[in-house]
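**Student:** With our numbering applied, the sequence shown corresponds to residues 409 to 569, in that order.
Take a look at this one; I'll ask things after.
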Amino acid sequence: MSDPRISGSSGEQPPAFPPAPGSAPAYPGFPPAPPANAATQPSSAPQQYSAPQQYAAPQPYGAAPARPSSGLAITSLVCGIAGVVLFWAIVPMLASIAAVITGHMALGQIRRTPGLGGRGMAIAGLILGYVMIGVLVFTIVSTIIGLVVFGAFTLPFVFAS
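This is the structure:
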């Protein structure tokens with residue numbers, strides 16, 4: 409399809425519409441205004457419009473930078489998990505005590521430094537540490553009570569023979 413506004417290879421100019429009386433003047437780069445009695449005239453070749461203005465591609469939203477986590481909070485959480493997972497060894501006693509100590513230190517550090525994160529990890533380490541210390545204390549107390557109550561009657565007979 410050829411553009412009627414561009415001269416062809418034969419060098420002939422496209423027919424120009426004379427401005428209708430009372431119509432707006434033609435501006436360069438815009439198609440001419442249709443005549444006032446356009447409904448009665450047969451339509452000529454379809455008018456070609458320039459491509460719409462291209463907009464820049466939208467930029468994606470940037471994520472907020474993550475706050476650095478406290479190393480003490482991470483240590484508290486890891487020690488708390490180690491105390492729960494390794495409940496069958498001597499590790500839970502040491503790991504749970506370390507989880508409680510580092511958890512309290514981490515909460516103090518996070519309170520003093522507002523840009524530091526990891527409060528949830530510190531609290532989780534504290535909870536795991538205190539729960540495992542409670543389980544450890546319950547186990548030791550019940551073992552001692554069991555030895556005192558039931559062992560008082562059985563130990564003399566075991567050693568007497």
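Glycine included, C-beta positions come from ideal geometry on N, C-alpha and C.
What you are looking at is a predicted structure, and each value in this text was computed from that prediction instead of being measured.
So, with DSSP's three-state summary, where would you put L477?
**Tutor:** Position 69 of the sequence shown, counted from the start, is the residue given in the question as residue 477. As written in the sequence, residue 477 is Ser, which differs from the Leu given in the question. Three-state result, S477: strand.
**Student:** So, is S484 buried or exposed, given that buried needs 16 or more other C-beta atoms within 10 angstroms?
**Tutor:** If you number the sequence shown from 1, residue 484 lands on position 76. Buried is the call here.
**Student:** Please classify S504: is it buried, with 16 or more other beta-carbons within 10 angstroms of its beta-carbon, or exposed?
**Tutor:** The residue labelled residue 504 in the question sits at position 96 within the sequence shown. With 16 or more Cβ atoms within 10 Å of its Cβ, S504 is classed as buried.
**Student:** Helix, strand or coil for G516, going by three-state DSSP, please let me know.
**Tutor:** In the sequence shown, counting from the first residue as 1, residue 516 sits at position 108. In this structure, G516 counts as helix in the three-state DSSP scheme.
**Student:** Let me confirm a value: L555 is counted as buried when at least 16 other C-beta atoms fall within 10 Å, else exposed. Which label applies?
**Tutor:** Residue mapping note: residue 555 aligns to position 147 of the sequence shown, counting from 1. Exposed, by the Cβ-count rule.
**Student:** Tell me, to the nearest whole angstrom, how far the beta carbon of G537 is from that of A507; I am working on the premise that it is less than 8 Å.
**Tutor:** Position 129 of the sequence shown holds residue 537. Position 99 of the sequence shown holds residue 507. About 3 Å; that satisfies the 8 Å criterion.
**Student:** With distance defined between alpha-carbon atoms, name the residue in Y469, G491, H512 nearest to M540.
**Tutor:** Translated into positions along the sequence shown, residue 540 becomes position 132. Nearest C-alpha to M540: G491.
**Student:** Taking 6 Å as the limit between beta carbons, can you name the residues of its chain near G533, skipping five residues before and five after?
**Tutor:** Numbered from 1 along the sequence shown, position 125 holds the residue referred to as residue 533. Taken in chain order, the residues that qualify are S484, L485, G488, A507, G511.
**Student:** Below 8 Å between beta carbons: does that hold for L524 and I531?
**Tutor:** On the sequence shown, position 116 is the one that residue 524 refers to. On the sequence shown, position 123 is the one that residue 531 refers to. No. Outside cutoff.
**Student:** Taking the alpha carbon of W496 as the point to measure from, which residue in T547, V557, I552 has its own alpha carbon closest?
**Tutor:** For the purposes of this step, residue 496 is taken as the residue at position 88 of the sequence shown. It is T547.
**Student:** Which one of V543, Q462, S477 has the shortest CA to CA distance from L494?
**Tutor:** Here residue 494 refers to the residue found at position 86 when the sequence shown is read from its first residue. When only C-alpha atoms are compared, the closest one is V543.
**Student:** Checking the sheet assignment: what are the DSSP bridge partners for G525?
**Tutor:** To locate residue 525, count along the sequence shown from 1; it is residue 117. Per DSSP, S477.
**Student:** In this structure, does DSSP put P573 in helix, strand or coil?
**Tutor:** Absent from the model: residue 573. The displayed extent of the chain is 409 to 569, so no value can be given.
**Student:** Alpha carbon to alpha carbon, what distance is there between L515 and G526?
**Tutor:** For this step, residue 526 is matched to residue 118 along the sequence shown. For this step, residue 515 is matched to residue 107 along the sequence shown. Their backbone Cα atoms lie some 9 Å apart in a straight line.
**Student:** How many angstroms separate the CA atom of M513 from the CA atom of P522?
**Tutor:** In the sequence shown, counting from the first residue as 1, residue 513 sits at position 105. In the sequence shown, counting from the first residue as 1, residue 522 sits at position 114. Roughly 15 Å between the two C-alpha positions.
**Student:** For A465, does the count of other Cβ atoms within 10 angstroms reach 16, so buried, or fall short, so exposed?
**Tutor:** Here residue 465 refers to the residue found at position 57 of the sequence shown. So A465 counts as exposed.
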